[in-house]
Ligand SMILES: Nc1ncnc2c1ncn2[C@@H]1O[C@H](C[S@+](CC[C@H]([NH3+])C(=O)[O-])CC(=O)[O-])[C@@H](O)[C@H]1O
Ligand SMILES: O=C(O)C(=O)Cc1ccccc1
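Residue numbers (my numbering): 15 to 251.
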């Protein structure tokens, strides 16, 4: 379904993952996040090296299930359970619909990332989800993920990032806006959405991400993919 959520004058409400967003999410994310498809391809590639037989894979903030489905289809290991977690009931419903008849080793769970326990995990994915977690909770979450991962297991995090350098930040923001324009979003839609996500999607710099991984115990983290102001990190235990 085509995303027309922000075509009307903004009613100034904060962005939420409700039924209206769930219905258009796949179109919205492709038209808003440069490199979205490649991000997911890179996650699929990583499970070959870091996935382990007889372990769990967690997809945290699974939304409509695109990443979980990619994990399920491309998994070369055996006896894995994929846990697709999201705290939006509308997203969980969509995710369940999308999975029907496709992959049988995925459990779709409605719950908060901050409340669940990770067990016997070889792959944990936060694809564009950490940016929606209250910043003061982020280190605690990454610490918990580190504890739940098996040795040689991997955490993959994709995020919108910012640059501390004002000039670089301005340059990359302009290119991101051009990406949205090229994908058919009007100036009004772009401005409305910017306002709506302002207090909801809070970016970190690359340095902040690396520091957080390091503090949690990941001694080896890299940025394995970047497209404009969206980057993916791979942290191995
Ligand atoms: N505390 C939380 N607990 C659980 N879920 C949460 C929480 N906070 C936010 N979410 C969920 O995180 C998802 C973020 S979207 C992920 C895309 C997907 N990973 C993809 O690969 O297509 C990214 C975006 O909208 O830019 C939403 O579905 C929220 O409900
Ligand atoms: O950062 C932005 O400008 C976005 O539009 C990213 C985004 C994509 C999908 C849902 C919410 C935010």
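Glycine included, C-beta positions come from ideal geometry on N, C-alpha and C.
Nearest residue (CA-CA) to residue i, options the options
i	options	result
residue 180	49, 219, 224 and 130	219
residue 22	222, 184, 202 and 226	202
residue 77	146, 132 and 207	146
residue 171	188, 211 and 223	223
residue 225	112, 115 and 156	156
residue 101	19, 206, 36 and 205	36
residue 165	40, 143 and 64	64
residue 120	129, 110 and 128	110
residue 130	162, 175, 31 and 153	162
residue 143	26, 244 and 62	244
residue 233	242, 251 and 240	251
residue 99	86, 154, 87 and 122	122
residue 154	84, 227 and 115	227
residue 184	26, 242 and 31	242
Where residue i falls, given that 16 or more other Cβ within 10 Å makes a residue buried
i	result
residue 108	buried
residue 190	buried
residue 15	exposed
residue 249	buried
residue 126	exposed
residue 90	exposed
residue 128	exposed
residue 66	buried
residue 167	buried
residue 75	buried
residue 59	exposed
residue 70	buried
residue 174	buried
residue 246	buried
residue 200	exposed
residue 26	exposed
Residues near residue i in its chain [Cβ-Cβ closer than 6 angstroms; skip 5 each side]
i	result
residue 42	17
residue 112	78 and 79
residue 207	20
residue 230	156, 157 and 160
residue 149	216
Beta-carbon contacts of residue i that lie in its chain and below 7 angstroms, excluding the five residues immediately before and after
i	result
residue 81	54, 57, 73, 139 and 141
residue 211	29
residue 159	132, 138 and 169
residue 204	191 and 194
residue 197	45
residue 33	104
residue 62	90
residue 68	93
Cβ-based neighbour list, residue i, same chain, cut-off 8 angstroms, excluding 5 preceding and 5 following
i	result
residue 221	178
residue 213	28
residue 103	124
Discussion item. Report the start-end ranges of each alpha helix (DSSP H) in the stretch 135-168 that is 4 residues or longer and not cut off at the edges.
Written reply: 149-162
Item to complete: Specify whether the stretch 92-103 and the stretch 125-137 touch according to this definition: at least 3 beta carbon pairs, one from each stretch, less than 8 angstroms apart.
Response: yes
Item to complete: Would you list, in sequence order, the uninterrupted alpha helix (DSSP H) runs of no fewer than 4 residues that lie entirely inside the stretch 161-218?
Response: 180-196 and 201-211
Worksheet item: Where are the beta strand (DSSP E) runs, 3 residues long or more, that stay fully inside the stretch 67-126, in chain order?
Response: 70-74, 95-100 and 120-124
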